[in-house]
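A.B. asks: There's a structure below that I have some questions on.
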Ligand code: HEM
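Chains as they are written, first to last, in the working numbering: chain A, 121 to 554; chain B, 4 to 502.
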C-alpha cells in the first residue's frame, strides 16, 4: 500500500516583495484562489502523486490579540508557506518537483529573504525550509491519486453502461446485471479505455515503523501515567482557573477580510481552510496543545484512516503545525461543502475535539474542562475562527468535483466489482451504489 | 432553563405567528423612500398587524420590513445597522460570492432579476398587504392616499390574487412548519436533543430570545442614555442594562421564484412514457409528497416532539428509510428538512452516544452525513402568484401562454446564514447532499455543471432490490427573478426606527 506524506516549506518574504509575490501566485489561478492545473509556474497536471497543494501567505493579522493576556506579541514577518499532500515519500516528490518546475519554483521563492538567485541546490534549499506537522490527518490512508482517478472513470463508465442496459433490456436480475457489467469492464480494460492498477506494496520498513508508533506512544504514556496522575489535580485546578480568566475575542472580522475569504469559497465542491493564530501564553497551554495534537496525530494514524475523523466525513487532508517556537499554530484543511456547513460540523458534531486543541489558542471562546463550551458558543466561535482565518493564494486539488464521500463510494464500487463471491444482498447493495 | 419574561405579542408582527391564511389575497409592495419625513410619518402611524389573537380574525393585515439600505435611508445610525447580520447588510443580490453559494448563477443570476439585483432595483422596504380577494384592490387604493404617494415610490408590486393550498406545480404546500416554543419550556441544552424534534426555540424565529444553542443571536443593542424615552424599546434579556432593537423582530427572506409548470409536467410525462400513474409517482418522488400532501413515508411509530400522531401529514421522519426507498434522499422536502436529530438514528444511551461521538458505529454507508435539522429550520410564509395551470392543462400542447406563475417564497428566521442560506446552499443547491453523486434539488436546481463539467442535473429514485432509477437531464424548472433580505422589526423597534 502506498503511503501518503506531507510537505511544508516556509520562507520569510522580502519586505518589499509581498504584493509582487501575491500577484505572481495569483497568476497561477483560473478562479480566485483556485489553481489552473496547467499554470505556467508549476505544472500540477503532470504530477500524478499530488493530491492537494497550496500557497498561503502566513500573516499575523491578529498579532495584537495576545496583549489581552499581558504579553507583548512577537514579530512575525509575512511568510510564504507551500504545502501539499502526496503519494509516496515527500522527498521523492520534491525531487521530482524540482526537476519538472525548477524555474517556476525559483521565480516564486526568489521573493523570499534567504533565497539567493544563485542558490545552486534548490532541492537542498527546500529541505532546509521544511517543517513537520505536529498532527496530520488523511481521509483514506493508502488511496493514491491514480486510484482515485481510475475509480472515478470506472464509476462513470459503469453508471452510463447500467443506464444503457436498463433502457435496452429493462430490469435484469441483479446477478445477471453484475455479470454483464463485469464483462463490460473487462472489455474496456482490454481496449485501454479503463485501467484498474493494483495497489503497490508498502515501502520497506513501513509496517515496522507503524507498529513502533502504534505501540510506542501508548507505552510512553503508560510509563508517564503515574506522574500525570499525581500532577492531574494541579493541572485541572490551574486549567479551570485559566478557563475562567482567559480573555475571549470580542471583535468581528473586518468585512473586507471576510470578503477576501468568501471570494475563493465554493468554487469547487471542496474548499480550503487556513487558520493561523497564537498559542496562549504559559506552559500549561503549550503542554495541553501538544498533548492534544499528539492524540490527534496518533488516532489519525491508527484509527481515523478510513473516511472519517470522529463524526466528520468531509475532510480530505488536514494538518496542524506549531510555528515560531511554539508560539503559533497553523491549521490547514481541505474539506467538502461550504464553510458554513464545515463550521456546522465543528459546532454540532466535534466541538469537543476542536476545543481540546483550539481552546489553547488566543481568543477562543471559553471552555469548561477543556471539552465543553468553546465552539458551542456558535457566533463567538465563528467570529474567532473567521478572524484568524487566512485566504490561500493558490490552491490545487487533483480531483475537482469529487468529495471524500464520492471517492469512498468509487472505491466501494470497484471493490464490489472485484469481489470474488458476493451474496445476492451484497450484489443488490453494490448496484445501489451506481 | 429559567423561564424568560412573558411574550409581548403586541410587539411582534403578526406574520411571525400567523400565515394570514384566511386572507388569501396579498400584495407585497417594494418601495423606495422618496420623502424621508413623509415616509417616517406614514410608517410611524401605520396600523401594523401584531401577533395578538383576535376573534373574529382581522379583515386585513399589514406588515412591514426593511432592507439595509432602507434602514440607512431612514437615518438609523450606521453602528446599529452594522450590528445586524453580515448577510442582511450585504444583501441577497449584492455579492457574487453569495450568489454562487445559493445557486443564483446562470439564468438565476441577480443581473437578470427584475428587482433586488442592483442598488437601484433594491427596495428600501417591503409593505405586505393581506386581504380577502374581493377587498384587496380597495384596500390598496385606501393605502395609496396622497401622503403615501408622497412618501414612497414603488419599484414593484407582487400580487397574489388567490393563495390556494397548492403551489403552481399542483402540490399542496405549507404543510410542514416548525412548532414555535412560545412558552420557552423546552431546554435548549445542546446535549438533550438526540432525535428530531419539530419544536423550535423561540430565538430561532425571533431576535432577543434564546436560540437552539441556548444563546442570543447577535443584534443591535443600545445604551439607554442614547435614547430619549426609556420605554421606547424592550430591554435586552441577556444584558438588561441595554435596550434591544432586535427583540421581537426577525429577518425575512423574499425570493420571487418563477415556475415552469408546463416544463415540469411535460418532462415528467416524458420520463413516465406518458403513463399517468408513473407520472404521478415520479413527480411525487421529486417533491417528496404526493400531490395532495400525503407523505411518501409511513407514520413514525415513536413520538416526535412537537408533532401530533394524529397529524398524518407530518408525523414522520426518515429514520426508517435510510436508503430512500420510500422517499428519495434527494426529494425536495427531504433536502429542505431531513428531519435529522443531533445524533443519527440509534443513539439512546450514554454509551451509544459516546460511540457515535467518536465516529464509530455507523450503521450503513452514508450514515451521519447530514446536519441536525433544528439549527436549520425555516418558518415559511410564501404566497403563490400567476393564473393557475393544472397538470392536465400543462400537458396539453402549449396554447400560447406567456403568463408567468410561481412562488413569492418567504421565510422568517433569526439567522439568515444558518437558516435560509444553509438550507438553500448545503441542502438544496448542493449536488452532493447526503452523499448523492450528481443531483441538486429536483425542483430548485439550476442544473449548472460543476467546475470539472460533472453534471448536477440527475435525479435518482432508489429502489429496494434493484438499481436506482436515475433520471438525467432535468431542465431548470424554477428561476429566481428577484429577491432581497429584509429585517422585520418588532413594533416598538419600528416606531423607534421611524421616529
Ligand atoms: C418554487 C419553488 C418551490 C416549490 C414549488 C416548493 C414546493 C414545496 C412543496 C410542495 C412542499 C411540501 C409541502 C410541505 O411539506 O409543507 C415544500 C416543502 C418545503 N419547502 Fe419548498 N418549494 C419551493 C421552494 C423552496 C425554497 C427556496 C426553500 C428553501 C430554501 C424551500 C423549503 C421548503 C421547506 C423547509 C419545506 C418543508 C419540508 C419539511 O419540513 O418537511 N422550498 N416545498
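No residue lacks a Cβ here, since even glycine has one placed at the ideal position from N, Cα and C. Since we're looking at a predicted model, the values are computed, not measured.
Which term fits residue 174(B), buried or exposed, when burial requires 16 or more other beta carbons within 10 angstroms of its beta carbon?
C.D. replies: Residue numbering aside, residue 174(B) sits at position 171 when the second chain is read from its first letter. It counts as buried.
A.B. asks: Below 8 Å on the Cβ atoms is my guess for residue 68(B) versus residue 255(B); work out the distance and round it to an integer in Å.
C.D. replies: Within the second chain, numbered from 1, the residue matching residue 68(B) stands at position 65. Within the second chain, numbered from 1, the residue matching residue 255(B) stands at position 252. That belief holds up - the Cβ atoms of residue 68(B) and residue 255(B) are roughly 5 Å apart, short of 8 Å.
A.B. asks: DSSP beta-bridge partners for residue 286(B)?
C.D. replies: Locating residue 286(B) in the second chain gives position 283, where the first residue counts as 1. For residue 286(B), which the question treats as bridged, DSSP gives no partner whatsoever.
A.B. asks: Is there at least one Cβ from chain B nearer than 8 Å to residue 387(A)'s Cβ?
C.D. replies: For the purposes of this step, residue 387(A) is taken as the residue at position 267 of the first chain. Yes, residue 387(A) lies at the interface with chain B (some Cβ there is under 8 Å from its Cβ).
A.B. asks: Just to confirm, does residue 260(B) get its C-beta within under 7 Å of one of the non-hydrogen atoms of the ligand HEM?
C.D. replies: Taking the second chain and counting its residues from 1, the one referred to as residue 260(B) is at position 257. The answer is yes for residue 260(B).
A.B. asks: Which residues in the same chain have their Cβ closer than 6 Å to the Cβ of residue 104(B), if we skip the five residues on either side of it in sequence?
C.D. replies: Along the second chain, one-based indexing puts residue 104(B) at 101. The residues are 428.
A.B. asks: By how many angstroms is the C-alpha of residue 123(A) removed from the C-alpha of residue 279(A)?
C.D. replies: As a working note, residue 279(A) is residue 159 in the first chain. As a working note, residue 123(A) is residue 3 in the first chain. Taking the straight line from one Cα to the other gives about 30 Å.
A.B. asks: Could you tell me the alpha carbon to alpha carbon distance between residue 61(B) and residue 24(B), rounded to whole angstroms?
C.D. replies: Within the second chain, numbered from 1, the residue matching residue 61(B) stands at position 58. Within the second chain, numbered from 1, the residue matching residue 24(B) stands at position 21. Cα to Cα, the separation comes out at about 11 Å.
A.B. asks: Look at the alpha carbon of residue 344(B) and the alpha carbon of residue 394(A), and state the distance between them as a whole number of angstroms.
C.D. replies: Counted from its first residue, the second chain places residue 344(B) at position 341. Counted from its first residue, the first chain places residue 394(A) at position 274. Going by the C-alpha atoms only, they are around 30 Å apart.
A.B. asks: Who does residue 176(A) pair with in a DSSP beta bridge?
C.D. replies: Position 56 of the first chain, counted from the start, is the residue given in the question as residue 176(A). Within the DSSP bridge table, the entry for residue 176(A) names 201(A) as partners.
A.B. asks: List the residues of chain A whose Cβ lies closer than 7 Å to the Cβ of residue 473(B), in chain order.
C.D. replies: Counting from 1 along the second chain, the entry for residue 473(B) is found at position 470. In chain order: 283.
A.B. asks: Would you say residue 427(B) touches the ligand HEM, meaning its beta carbon is less than 7 Å from a heavy atom?
C.D. replies: Locating residue 427(B) in the second chain gives position 424, where the first residue counts as 1. Yes - the ligand HEM has a heavy atom lying nearer than 7 Å to the Cβ of residue 427(B).
A.B. asks: From 497(B), 170(B), 179(B), pick the residue whose C-alpha is nearest to that of residue 314(B); which is it?
C.D. replies: The residue labelled residue 314(B) in the question sits at position 311 within the second chain. Ranking 497(B), 170(B), 179(B) by Cα distance to residue 314(B) puts 179(B) first.
A.B. asks: Compute the minimum distance between the beta carbon of residue 257(B) and the heavy atoms of the ligand HEM, and state whether it is under 7 Å.
C.D. replies: Translated into the one-based positions of the second chain, residue 257(B) becomes position 254. False, no ligand heavy atom lies under 7 Å from that Cβ.
A.B. asks: Buried or exposed: residue 206(B), going by 16 or more other Cβ atoms within 10 Å of its Cβ?
C.D. replies: Locating residue 206(B) in the second chain gives position 203, where the first residue counts as 1. Classification of residue 206(B): buried, given that the 10 Å Cβ count is 16 or more.
A.B. asks: In this structure, how does DSSP classify residue 525(A) when only helix, strand and coil are distinguished?
C.D. replies: If you number the first chain from 1, residue 525(A) lands on position 405. Looking at residue 525(A) - three-state DSSP - the assignment turns out to be helix.
A.B. asks: Do you know how far the Cα of residue 208(A) is from the Cα of residue 340(A)?
C.D. replies: Here residue 340(A) corresponds to residue number 220 of the first chain, with the count starting at 1. Here residue 208(A) corresponds to residue number 88 of the first chain, with the count starting at 1. For residue 340(A) and residue 208(A), the distance between alpha carbons rounds to 28 Å.
A.B. asks: Between which residues of its own chain and residue 245(A) is the CB-CB distance below 8 Å, once the five residues before and five after are set aside?
C.D. replies: Taking the first residue of the first chain as 1, we reach residue 245(A) at position 125. 229, 235, 239, listed in sequence order.
A.B. asks: Run the CB neighbour count on residue 40(B), radius 10 Å, all protein chains shown included, and call it buried at 16 or more, exposed below.
C.D. replies: Within the second chain, the letter at position 37 stands for residue 40(B). Label assigned to residue 40(B): exposed.
A.B. asks: Taking the alpha carbon of residue 374(B) as the reference point, which residue from 101(B), 19(B), 339(B) has its own alpha carbon closest?
C.D. replies: Here the question's residue 374(B) lines up with position 371 in the second chain. It is 339(B) whose Cα lies nearest to the Cα of residue 374(B).
A.B. asks: Beta carbon of residue 129(A): closer than 7 Å to some heavy atom of the ligand HEM?
C.D. replies: The sequence position of residue 129(A) within the first chain is 9, counting from 1. Result no, Cβ not under 7 Å from the ligand HEM.
A.B. asks: Check each residue of the region 416-444 of chain B: if its Cβ is closer than 8 Å to any Cβ of chain A, include it; give the result in chain order.
C.D. replies: 420, 421, 424, 425, 428, 429, 433, 434, 435, 438, 440
A.B. asks: Can you tell me whether residue 340(B) sits near the ligand HEM, meaning its C-beta is under 7 Å from at least one heavy atom of the ligand?
C.D. replies: Position 337 of the second chain, counting from 1, holds the residue named residue 340(B). Answer for residue 340(B): yes, Cβ within range of the ligand HEM.
A.B. asks: Taking only beta-carbon positions, decide if residue 424(A) is within less than 8 Å of chain B.
C.D. replies: Position 304 of the first chain, counted from the first residue, corresponds to residue 424(A). It does: the Cβ of residue 424(A) has a partner Cβ on chain B nearer than 8 Å.
A.B. asks: Please report the distance separating the alpha-carbon of residue 212(A) from that of residue 335(A).
C.D. replies: As a first step, residue 212(A) is located in the first chain; it is residue number 92 there, counting from the start. As a first step, residue 335(A) is located in the first chain; it is residue number 215 there, counting from the start. Distance between the alpha carbons of residue 212(A) and residue 335(A) is about 28 Å.
A.B. asks: Could you tell me which residues DSSP pairs with residue 395(A) in its beta bridges?
C.D. replies: Numbered from its first residue, the first chain carries residue 395(A) at position 275. Beta-bridge partners of residue 395(A) (DSSP): 451(A), 509(A).
A.B. asks: Out of curiosity, what's the CA-to-CA distance linking residue 375(A) and residue 508(A)?
C.D. replies: In the first chain, counting from the first residue as 1, residue 375(A) sits at position 255. In the first chain, counting from the first residue as 1, residue 508(A) sits at position 388. If you take the alpha carbons of residue 375(A) and residue 508(A), they lie about 13 Å apart.
A.B. asks: As an exercise, report each continuous alpha helix (DSSP H) stretch of at least 4 residues that is fully enclosed by the region 378-432 of chain A, in chain order.
C.D. replies: Within the region 378-432 of chain A, the complete alpha helix (DSSP H) runs of at least 4 residues are 403-422.
A.B. asks: Give the range of the alpha helix (DSSP H) segment to which residue 30(B) is assigned.
C.D. replies: Locating residue 30(B) in the second chain gives position 27, counting from the first residue. Residue range 28-36 is occupied by the beta strand (DSSP E) that includes residue 30(B), with no alpha helix (DSSP H) assigned at that position.
A.B. asks: Looking at the ligand HEM, does it come within less than 7 Å of residue 477(B), judged from the CB to the closest heavy atom?
C.D. replies: Counted from its first residue, the second chain places residue 477(B) at position 474. Residue 477(B): no, Cβ never under 7 Å from the ligand HEM.
A.B. asks: Who are the neighbours of residue 521(A) on chain B, taking C-beta pairs under 7 Å?
C.D. replies: The residue you call residue 521(A) lines up with position 401 of the first chain. Result: 453, 454, 455, 457.
A.B. asks: Taking the CB atoms as reference points, tell me whether residue 435(A) and residue 524(A) lie closer together than 8 Å.
C.D. replies: By 1-based counting over the first chain, the position of residue 435(A) is 315. By 1-based counting over the first chain, the position of residue 524(A) is 404. Closer than 8 Å, so yes.
A.B. asks: If you check the beta carbons only, do residue 337(B) and residue 291(B) fall under 8 Å apart?
C.D. replies: For the purposes of this step, residue 337(B) is taken as the residue at position 334 of the second chain. For the purposes of this step, residue 291(B) is taken as the residue at position 288 of the second chain. Result yes, Cβ atoms of residue 337(B) and residue 291(B) sit closer than 8 Å.
A.B. asks: Got a sec, what are the start and stop residues for the beta strand (DSSP E) residue 490(B) sits in?
C.D. replies: Locating residue 490(B) in the second chain gives position 487, where the first residue counts as 1. It spans 481-491 - the beta strand (DSSP E) in which residue 490(B) sits, taken as one unbroken run.
A.B. asks: Can you grab the Cα-Cα spacing for the pair residue 368(A) / residue 489(A), in whole Å?
C.D. replies: Position 248 of the first chain, counted from the start, is the residue given in the question as residue 368(A). Position 369 of the first chain, counted from the start, is the residue given in the question as residue 489(A). Roughly 16 Å between the two C-alpha positions.
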